[in-house]
Amino acid sequence: MIEWTDVAAETEFLTGNCQRVEVDGVAIAIFKVGDHYYAIEDLCSHESETLSNGMLCGLEITCPRHAARFSLVTGEALSPPAYEPIAVFPVRIENGRVLVRDDRFG
């Protein structure tokens, strides 16, 4: 997914909410925090749990299975049992639409 992919209307996002989308076989969780959007791979690096069901606190998401915390900004694992980061993706708004891009392999 090197190109930008339109995933939803900006109006579909409320502050503090998450939208889960799948783009080119990659599950992505998109969060709106304040006026900013953050996108992460929807997969805990500890045991492959879905993060979109986790608890959002500020710019951190907590895995619902074992409570590992991750930064929405950097993907860094912030607490055990996770030690590996998760993928983060760029997000942009264009004409009222939310777009994401997987730039890991580009």
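Numbering (our numbering), first residue to last: 1 to 106. The beta-carbon is built from N, C-alpha and C at its ideal position, and this holds for glycine as well.
Can you tell me whether Leu14 is buried or exposed? The criterion is at least 16 other CB atoms within 10 Å of its CB, across all chains shown.
As a position in the sequence shown, residue 14 is number 14, starting the count at 1. Exposed.
Tell me whether Phe105 is buried or exposed, calling it buried when 16 or more other Cβ atoms sit within 10 Å of its Cβ.
Locating residue 105 in the sequence shown gives position 105, counting from the first residue. Looking at its Cβ environment, which holds fewer than 16 other Cβ atoms inside 10 Å, Phe105 is exposed.
To which residues of the same chain is Val73 closer than 8 Å at the C-beta, ignoring the five residues directly before and after it?
The count along the sequence shown starts at 1 and reaches residue 73 at position 73. Around Val73: Tyr38, Leu59, Val88.
Closer than 6 Å by C-beta to Arg69: which residues in its own chain qualify, once you throw out the five before and the five after it? Chain order, please.
In the sequence shown, the residue the question calls residue 69 occupies position 69. The residues are Glu60, Thr62, Leu78, Ser79.
Take the Cβ of Gly96 as the centre, count every other Cβ of all protein chains shown within 10 Å, and call the residue buried at 16 or more, exposed below.
The residue labelled residue 96 in the question sits at position 96 within the sequence shown. By the 10 Å Cβ count, Gly96 comes out exposed.
Three-state secondary structure (DSSP) at Thr5?
Residue mapping note: residue 5 aligns to position 5 of the sequence shown, counting from 1. Residue state, collapsed to three classes: strand.
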